[in-house]
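Take 171 as the starting number for the sequence shown in our numbering and just add one per residue. Idealized CB from N, CA, C, for every residue including glycine. Here the structure is laid out as structure tokens; the discussion comes afterwards.
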Amino acid sequence: MRSDEGDFRAMERAAQLAADYRREVATAPRNPTAGYAEIHARFDGPVPEQGSDGLALIEELARGARDGLRPIVSPRFYGWVNGHSHLAGVAADWLTSAWGQNCAGIPMTPAGAAVEAVAARWLLELLHLPAESSVGLVSGATIANFVGLAAARGELLRRQGWNVEDDGLYGAPPLPVLIGADAHNTVFSGLRYLGLGEKRVTSVATDAEGRMLPAALEAALKAAGAPAIVIGQAGQINTGVSDPFSVIAPMIHAHGGWLHVDGAFGLWARASERHRHLLDGIEQADSMATDGHKWLQTPYDCGFAICRHEAAHRRAMEMQASYLTRDDPSFRHPGNYVPELSRRSRGFAAWAMMRRLGREGVARMVDEDVAVAQYMAQGMAAIPGVAVLNQPELNQFMVRFGEDRGAEAGDALTRATVEQIQRDAVAYMGTALWRGRLVMRVSVCSIATTMADADLTVAAVRDAWDTVRGANV
Ligand SMILES: Cc1ncc(COP(=O)(O)O)c(C=O)c1O
Numbered sequence: 171m172r173s174d175e176g177d178f179r180a181m182e183r184a185a186q187l188a189a190d191y192r193r194e195v196a197t198a199p200r201n202p203t204a205g206y207a208e209i210h211a212r213f214d215g216p217v218p219e220q221g222s223d224g225l226a227l228i229e230e231l232a233r234g235a236r237d238g239l240r241p242i243v244s245p246r247f248y249g250w251v252n253g254h255s256h257l258a259g260v261a262a263d264w265l266t267s268a269w270g271q272n273c274a275g276i277p278m279t280p281a282g283a284a285v286e287a288v289a290a291r292w293l294l295e296l297l298h299l300p301a302e303s304s305v306g307l308v309s310g311a312t313i314a315n316f317v318g319l320a321a322a323r324g325e326l327l328r329r330q331g332w333n334v335e336d337d338g339l340y341g342a343p344p345l346p347v348l349i350g351a352d353a354h355n356t357v358f359s360g361l362r363y364l365g366l367g368e369k370r371v372t373s374v375a376t377d378a379e380g381r382m383l384p385a386a387l388e389a390a391l392k393a394a395g396a397p398a399i400v401i402g403q404a405g406q407i408n409t410g411v412s413d414p415f416s417v418i419a420p421m422i423h424a425h426g427g428w429l430h431v432d433g434a435f436g437l438w439a440r441a442s443e444r445h446r447h448l449l450d451g452i453e454q455a456d457s458m459a460t461d462g463h464k465w466l467q468t469p470y471d472c473g474f475a476i477c478r479h480e481a482a483h484r485r486a487m488e489m490q491a492s493y494l495t496r497d498d499p500s501f502r503h504p505g506n507y508v509p510e511l512s513r514r515s516r517g518f519a520a521w522a523m524m525r526r527l528g529r530e531g532v533a534r535m536v537d538e539d540v541a542v543a544q545y546m547a548q549g550m551a552a553i554p555g556v557a558v559l560n561q562p563e564l565n566q567f568m569v570r571f572g573e574d575r576g577a578e579a580g581d582a583l584t585r586a587t588v589e590q591i592q593r594d595a596v597a598y599m600g601t602a603l604w605r606g607r608l609v610m611r612v613s614v615c616s617i618a619t620t621m622a623d624a625d626l627t628v629a630a631v632r633d634a635w636d637t638v639r640g641a642n643v
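Pasting the structure below:
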């Protein structure tokens, strides 16, 4: 059955359903009322023998999934570092799907490849990164970290006369990996995929908020015995802090090493004049990872792998096949910088968000989110029995409840309060572990969040804590 009139009607209906959902969730975020098992049972069953009408199946999908949707795009969602999937980006993404553009190469999609090239350049300009950097558009920061680390692995070994792309790691010179003690889990996945191992890394001590300590790094670089890959971060997942790049980057390079930075959300501080200083020196990093679906507010999925050494980036990622014809070699070939062949043309949505917000809009969004985080942290700290563990310099902070009753009780009360906040459904926060203790983690990463939302959120936290405290006197 090829696409027919029912499928055209399905597209139009999907647009209507999507707009209705977004209008509703903007003002009245609701918790999912159906959980995984219920939704699964609704959709489960034997493979349908007969196909369905396109419009009917879209109705069936929307009806079946609606009450299991988490309102991630609502203005008071702080549970994980999630952006807003801005409607302008969503609309561009619809076109991307409808156009069916596979961005494997220029001949396949001249428009997809060209717009991606412009988005890549705009990204570097927005983030004040070296213009000669290469950029790959990938599914997210996890894969962007993998790409950066692949380039690092290849280049450091190449400098020692070893071609890892051709010969693999068997018999290769040692390649030490140093990593800040509070790094995000996904960089360990990258190390695993690359045969560098999760466990053979050297952990570098950090300060109380998670910044790498330069003296500890210097000692680790000396002890490493060979040029090392050093993995830093811009934006610690719980505290939002960044490593002191202007100190550590020259140190790493003096030892012949490579600095890769996981900047999944934190790299966007570069877009703001007010906050750029937090990442001073990051422009010296050899490779970086960031996300579009976090602080650029694109829909999922969109990540950027940025590398200051284009040749190393390409050596790690490029693939050849007789049927993959190249256009003018002076054009940016999108497949040179990513691990996939077939892939969606992510450049359309990335371009759309940069076009929609402009340099000024991105900077304003970052500044406003940071201001909201700082204001909420202050508001929560003023509630008796509530401890804010870090004054956010960026958009992430942690909160504990009932700390004065001891650490164990604090864990239990923090969990109970977060669960109460989730039940009350004015705002959504989650928990995390920090230095072995349970915390409520607040991530402000949405362009939709305002100071009015901050007031509602602080009031919701106060109410939930009152309820929990009342039940635990
Ligand atoms: C610091 C950091 N690194 C990496 C990631 C992984 O990014 P993604 O989920 O886009 O792959 C995240 C996601 O929250 C993150 O916050």
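{"Check": "Note down, in chain order, each residue of its chain lying with its Cβ closer than 7 Å to the Cβ of Asp581, except the 5 sequence neighbours on either side.", "Outcome": "Arg607, Leu608"}
{"Check": "Could you compute how far the alpha carbon of Ala207 sits from the alpha carbon of Val612?", "Outcome": "28 Å"}
{"Check": "For Asp539, is the beta carbon positioned less than 7 Å from some heavy atom of ligand 1?", "Outcome": "no"}
{"Check": "So, under 8 Å CB-CB, Asp623 and Pro245 are touching, yes? Tell me the CB distance rounded to an integer number of Å.", "Outcome": "5 Å"}
{"Check": "Which same chain residues, not among the five before or five after Ala394, have their C-beta less than 6 Å away from its C-beta?", "Outcome": "Pro346"}
{"Check": "What residues sit near ligand 1, counting only those whose C-beta is closer than 5 Å to one of its heavy atoms, in chain order?", "Outcome": "Val251, Gly310, Ala311, Thr312, His354, Thr356, Ile407, Asp432, Ala434, Asp461"}
{"Check": "Kindly provide the ranges of any alpha helix (DSSP H) runs that are 4 or more residues long and lie completely inside the stretch 568-627, ordered along the chain.", "Outcome": "577-594"}
{"Check": "Hey, could you find the ends of the alpha helix (DSSP H) Glu316 is sitting in?", "Outcome": "Here residue 316 is Phe; the residue named in the question, Glu, does not match the sequence. From DSSP, the alpha helix (DSSP H) with Phe316 extends over 311-328."}
{"Check": "Starting from Leu227, follow the alpha helix (DSSP H) in both directions and report where the run begins and ends.", "Outcome": "224-235"}
{"Check": "Tell me the rounded alpha-carbon separation between Ala378 and Asn355.", "Outcome": "19 Å"}
{"Check": "Closest to Gln566 by CA distance: which of Leu265, Ala641, Val536 is it?", "Outcome": "Val536"}
{"Check": "Here's the rule I'm using: 16 or more other beta-carbon atoms within 10 Å means buried, otherwise exposed. How should Lys369 be labelled?", "Outcome": "exposed"}
{"Check": "At the level of alpha carbons, what is the spacing between Ala261 and Ala519?", "Outcome": "8 Å"}
{"Check": "Can you find a CB in chain C that lies within less than 8 Å of the CB of Met278?", "Outcome": "Among the chains of the structure shown, chain C does not appear; only one protein chain is present."}
{"Check": "Distance, Cα to Cα, Thr584 vs Met610?", "Outcome": "7 Å"}
{"Check": "How about the stretch 466-478 and the stretch 302-312: do they share at least three Cβ pairs that are nearer than 8 Å?", "Outcome": "yes"}
{"Check": "By a C-beta neighbour count over all protein chains shown, 10 Å radius and 16 as the cutoff for buried, is Ser457 buried or exposed?", "Outcome": "buried"}
{"Check": "Mind reading off the beta-carbon distance from Glu286 to Gly517? Whole number of angstroms is fine, and I expect it under 8 Å.", "Outcome": "3 Å"}
{"Check": "Is the beta carbon of Leu132 sitting closer than 8 Å to the one on Leu387?", "Outcome": "Because the chain in this structure spans residues 171 to 643, residue 132 falls outside the shown range and cannot be described."}
{"Check": "Please report how far the alpha carbon of Ala577 lies from the alpha carbon of Arg605, in whole angstroms.", "Outcome": "12 Å"}
{"Check": "Can you check which of these residues, Gly549, Ile422, Arg329, Leu299, is closest to Ala441 by C-alpha distance?", "Outcome": "Leu299"}
{"Check": "Quick one: grab the DSSP three-state call for Thr409.", "Outcome": "coil"}
{"Check": "For Ala148 and His445, what's the separation of their Cα atoms in angstroms?", "Outcome": "Not covered by the structure: residue 148. The range shown for the chain is 171 to 643."}
{"Check": "Quick one: what's got a C-beta closer than 6 Å to Asp263's C-beta in the same chain, skipping five residues either side?", "Outcome": "Pro469, Ala519"}
{"Check": "For Thr637, which residues in the same chain have their Cβ closer than 7 Å to its Cβ, ignoring the five residues on either side in sequence?", "Outcome": "Gln590"}
{"Check": "Where does Thr203 sit, in a helix, a strand or coil, going by DSSP?", "Outcome": "coil"}
{"Check": "Among residues of its own chain, excluding the 5 on either side of Gly324, which ones have a beta-carbon nearer than 7 Å to its beta-carbon?", "Outcome": "Val334, Glu335, Ala482, Arg485, Ala486"}
{"Check": "Would you check if there are 3 or more beta carbon pairs closer than 8 Å linking the stretch 628-635 to the stretch 550-563?", "Outcome": "yes"}
{"Check": "To the nearest angstrom, report how far apart Ala459 and Ala235 are at their CA atoms.", "Outcome": "32 Å"}
{"Check": "Verify whether the separation of the beta carbon atoms of Gln467 and Ile276 is less than 8 Å.", "Outcome": "no"}
{"Check": "Helix, strand or coil for Asp432 per DSSP?", "Outcome": "strand"}
{"Check": "Helix, strand or coil: how does DSSP classify Gln544 here?", "Outcome": "helix"}
{"Check": "Assign Gly657 to buried or exposed, taking buried as 16 or more other Cβ atoms, counted over all protein chains shown, within 10 Å of its Cβ.", "Outcome": "Given a span of 171 to 643 for the chain in the structure shown, any question on residue 657 remains unanswerable."}
{"Check": "Where does Ala185 land, buried or exposed, given buried means 16+ other C-beta within 10 angstroms?", "Outcome": "exposed"}
{"Check": "What's the gap between the Cα of Leu326 and the Cα of Gly427?", "Outcome": "7 Å"}
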